[in-house]
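Protein chains: 4
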Amino acid sequence: MSKLRKSSIEDKQRDAERSRNTILVAAKQEFALAGFDGARIDRIAERAALNKRLIYYYFTDKEALFQAVLEEAYADIRQAEQALELASMQPPQAIAKLVEFTWHYYLANPEFLSILNSANLHKGRHLEEEGRVKRLNSPLMQLLREVLHKGQQQGAFRADADPIQLYITIAGMAYFYLANNYTLSAVFGADLSTTHAQDERLVHMCDVVLGYLKV
Amino acid sequence: MSKLRKSSIEDKQRDAERSRNTILVAAKQEFALAGFDGARIDRIAERAALNKRLIYYYFTDKEALFQAVLEEAYADIRQAEQALELASMQPPQAIAKLVEFTWHYYLANPEFLSILNSANLHKGRHLEEEGRVKRLNSPLMQLLREVLHKGQQQGAFRADADPIQLYITIAGMAYFYLANNYTLSAVFGADLSTTHAQDERLVHMCDVVLGYLKV
Amino acid sequence: MSKLRKSSIEDKQRDAERSRNTILVAAKQEFALAGFDGARIDRIAERAALNKRLIYYYFTDKEALFQAVLEEAYADIRQAEQALELASMQPPQAIAKLVEFTWHYYLANPEFLSILNSANLHKGRHLEEEGRVKRLNSPLMQLLREVLHKGQQQGAFRADADPIQLYITIAGMAYFYLANNYTLSAVFGADLSTTHAQDERLVHMCDVVLGYLKV
Amino acid sequence: MSKLRKSSIEDKQRDAERSRNTILVAAKQEFALAGFDGARIDRIAERAALNKRLIYYYFTDKEALFQAVLEEAYADIRQAEQALELASMQPPQAIAKLVEFTWHYYLANPEFLSILNSANLHKGRHLEEEGRVKRLNSPLMQLLREVLHKGQQQGAFRADADPIQLYITIAGMAYFYLANNYTLSAVFGADLSTTHAQDERLVHMCDVVLGYLKV
DNA sequence: GATGAATGAGACTTCATTCAT
DNA sequence: CATGAATGAAGTCTCATTCAT
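Protein chains in written order, with full-length UniProt numbering: chain E, 1 to 215; chain S, 1 to 215; chain R, 1 to 215; chain H, 1 to 215.
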């Protein structure tokens, strides 16, 4: 074993970047699962298999840790949105693709919804976030804007459709179904969390958006 | 037992009822504002201007109090839904009315959303609720079902529209806009909480639903 | 055993005033012994044989508890000063009595010095105290002023003696000897804490003040 | 070993000495400002602009660091006292000079008082100091002894004046005024920290000591 | 000599809850 | 019915100190 290798392996315990990240991942899980107030620093430390003190070493306090998690969550989804390739598609297909992306992202990253929610529950308390959030303009939002415009140019989409409203509508349709899955399943007496039910929901969402847009 | 005595007992009972209710109202506010974990029994007692011990006297513990608040919230919205008069309307107008009702109810009762959310955050923890929730079938849901059916009969609405999906879609469109108002305003760099913005949202929601439904 | 008696005895555990006071006494000891930063809430609770939580129930936090202790310390010494009876004495005797009082009070209440010291270490941090402290005018100071004046009238005391300066001088002579007893004993290679040494100190202090005052 | 190498080692040693000293200075400030228990190792490192680990490298632990600061404080004042030139003066003038020196030293080195105080608060805890402190006999004390003796010989000073008592008295008069400046200013409703007030204090102190000594 | 990363013990404080009247 | 007093468990955060390079 070469010196380099050895030191890099032993580094495991002394890698600041890695430790910071391990904490961030653990915190994301905990905050998503329990909300800000329900989250426990102890549990985060446990999840991260790191000393509790380190959390404060890297993140000052619970609030700041939450901020960091929130920002990372935004950054993550923005990054995923970057990968969307819609240029060659026809507007209707592109819209379907956007809806599908949103749906699958939420499905695969349920923490995102939970954390977004927590953040909004405490509104005023996370004021600093604002600045950073605004700067991170959503690529998906931009794509939606372009696709909409293109469709309207072609006369395929209604002229009065607003990208912001539509963005919120798509997110809301997906979010509400997933976030309140538990209550909704109870109310409607049907398990909405099966793969089949989820597929149906996606179809419905596409239908709604495209039905609304078509002239 | 003299009349006087009896009436003083009735007074007490009325007081008891009133106290219970005062607590419930205070708890609803607190839970809505801070979520389940962020809510403080002390603060509820303060809001209610009643002794903390009374809360335990009437509601056993925090969890049960939350249950009671949740049930009341459901009962409230169900009751409001009862008042909906759609019988004489044409299906499209009826749908618009339903969307409008949902929107205005959420606007006027923001606690409802917040509490629903809290409940879903803790999923497994509020298992007992299930029973009661199911029993309280939503009148609005029933109306939606009927209106949809009628519209489909008349050939005015697409045949594949499902009331459950649509219900969730309407709720989601309204919910997401309102619950994440803070973050969305930041991201889009526009204040979404003005009356004007709210009116626009309602128009959009009606457009979406009716655009989707029309054949 | 009468009901009254019984309840008043059992009251022991439910007497707010007494609990508050027990805490205050315990806190005084702890703060005196360890200073503000060295003091431990746990130890105060232990000393008071009361639940730690009660300390916060009655005093909000450590800082406020210290404030309360400080104010009580001032109140105590002021009260002790009230008992001084100098009216009938000749000025020189009265002065001696004042010096003696100061000396014995410090000797009997060593916490007073320690707490005064802690307060001054943190200067800016206990700003609120100012108001209350000023209001509590020192009776001893007033007596000193009068005795000085009387002695000056009689031509027994030098005319330029200022009561404030003298007050500080008396306090300082007593304080420094007692507060730094440990270091001074080490430096001078003599135990300054024996009764004999203490008596000698008192004589010296009287000599200094009267020697200074006599014309 | 080449000259170059050697000199680089000397550089290191000089650096080491400098680092040690930087830490000591920073620690003195911190201990003076916050007391032993209030002092923070982190803050000392910050003040010194040096790594925290170095503090432990040079001083073992907080306690030992405090010891070092304390000893340096003693050494400093002893050194300053060395410079006193009283041989040619008449005893009364010499006494005035001694009082003045004490006053100005305390004024210029307020940390000294604060640290002395901290040390005495913890009495038993700094036992080791004793040895070293005793060895460092105070030059000022020695001068005071001599001046007193000379004055007594000349019949200018009272015969029963004891140098130890007088030393403590002088220190106490100065100390109490300065250390409790904050509280005293509040109690007497006058700012005792102005230059004018300080000058008055010095005059008073000289008056007291000389008034006491003169036969 | 110097430093960033890591830690265990323990500090202050908070919270839901119960006691006793 | 109503309430002030009391509590144990636990939560966030701090601190002196050590590890590993």
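C-beta: ideal position from N, C-alpha, C; glycine also.
Flag residue i as yes if its beta-carbon sits less than 8 angstroms from any beta-carbon of chain R, otherwise no.
{"i": "residue 269(H)", "result": "This structure leaves residue 269(H) out entirely; chain H is present only between 1 and 215."}
{"i": "P139(H)", "result": "no"}
Closest by CA to residue i, which one among the options?
{"i": "L144(R)", "options": "L50(R), D76(R), E81(R)", "result": "E81(R)"}
{"i": "L184(H)", "options": "Y58(R), D37(R), G172(R)", "result": "G172(R)"}
{"i": "P163(E)", "options": "N21(E), L98(E), T60(E)", "result": "L98(E)"}
{"i": "A174(S)", "options": "K62(S), A161(S), S193(S)", "result": "S193(S)"}
{"i": "Q154(H)", "options": "Q90(H), K123(H), H204(H), F36(H)", "result": "Q90(H)"}
{"i": "G189(S)", "options": "S138(E), F112(E), Q93(E)", "result": "S138(E)"}
{"i": "A73(R)", "options": "N21(R), D61(R), E17(R)", "result": "N21(R)"}
{"i": "V69(H)", "options": "I95(H), S114(H), D42(H)", "result": "S114(H)"}
{"i": "V215(R)", "options": "F176(R), A159(R), L107(R)", "result": "A159(R)"}
{"i": "R47(E)", "options": "E146(E), G38(E), Q79(E), K28(E)", "result": "K28(E)"}
{"i": "F157(E)", "options": "G38(E), R43(E), F31(E), P92(E)", "result": "P92(E)"}
{"i": "E85(E)", "options": "V147(E), Y56(E), A75(E), S19(E)", "result": "V147(E)"}
{"i": "L65(S)", "options": "A108(S), A26(S), T195(S), N180(S)", "result": "A26(S)"}
{"i": "L166(E)", "options": "Y182(S), A96(S), V208(S), Q142(S)", "result": "V208(S)"}
{"i": "I23(E)", "options": "Y56(E), G38(E), G35(E), E111(E)", "result": "Y56(E)"}
{"i": "D199(R)", "options": "E100(R), H122(R), I168(R)", "result": "E100(R)"}
{"i": "A75(E)", "options": "A197(E), N109(E), I168(E)", "result": "N109(E)"}
{"i": "E106(R)", "options": "L178(R), Y212(R), S19(R), Y182(R)", "result": "Note that residue 106(R) corresponds to Tyr in the displayed sequence, not to Glu. Checked all of L178(R), Y212(R), S19(R), Y182(R); the closest Cα to Y106(R) is L178(R)."}
Residue i versus chain E: which residues are under 9 angstroms apart at the beta carbon?
{"i": "G38(S)", "result": "G35, F36, D37, G38, L121, H122"}
For a contact defined as C-beta to C-beta under 8 angstroms, what are the partners of residue i on chain S?
{"i": "S114(E)", "result": "L121"}
Report yes or no: is there a C-beta of chain H within less than 8 angstroms of the C-beta of residue i?
{"i": "F188(R)", "result": "yes"}
{"i": "N117(R)", "result": "yes"}
{"i": "E17(R)", "result": "no"}
Determine, for residue i, whether the minimum Cβ-Cβ distance to residues of chain S falls below 8 angstroms.
{"i": "Q165(E)", "result": "yes"}
Going along chain E, which residues have a C-beta under 7 angstroms from residue i?
{"i": "A171(S)", "result": "F176"}
{"i": "Y182(S)", "result": "N120, K123"}
List, in chain order, every chain H residue whose beta-carbon is nearer than 9 angstroms to that of residue i.
{"i": "D162(R)", "result": "E200, H204"}
In chain H, which residues lie with their C-beta within 7 angstroms of the C-beta of residue i?
{"i": "Y212(R)", "result": "D207, V208, G211, Y212"}
Residues of chain R with CB closer than 7 angstroms to the CB of residue i, please, in chain order.
{"i": "I168(H)", "result": "F176, Y177, L184"}
Is residue i close to chain E, meaning its C-beta is less than 8 angstroms from at least one C-beta of that chain?
{"i": "M1(S)", "result": "For M1(S), the pLDDT reaches just 44, beneath the cut-off of 50, and the residue's location in the model is therefore unreliable, leaving the point undetermined."}
{"i": "L4(S)", "result": "With a pLDDT of only 48 at L4(S), under the threshold of 50, the placement of this residue in the model should not be trusted, and no figure is reported."}
DSSP beta-bridge partners for residue i?
{"i": "K214(R)", "result": "F157(R)"}
Please indicate yes or no: does the CB of residue i lie closer than 7 angstroms to some heavy atom of the ligand COA?
{"i": "L24(E)", "result": "The ligand COA is absent from the structure shown, which contains no ligand whatsoever."}
Taking beta-carbon pairs under 8 angstroms, can you tell me which members of the segment 43-77 of chain R lie near chain H?
Along the segment 43-77 of chain R, there is no position whose C-beta sits under 8 angstroms from a C-beta of chain H.
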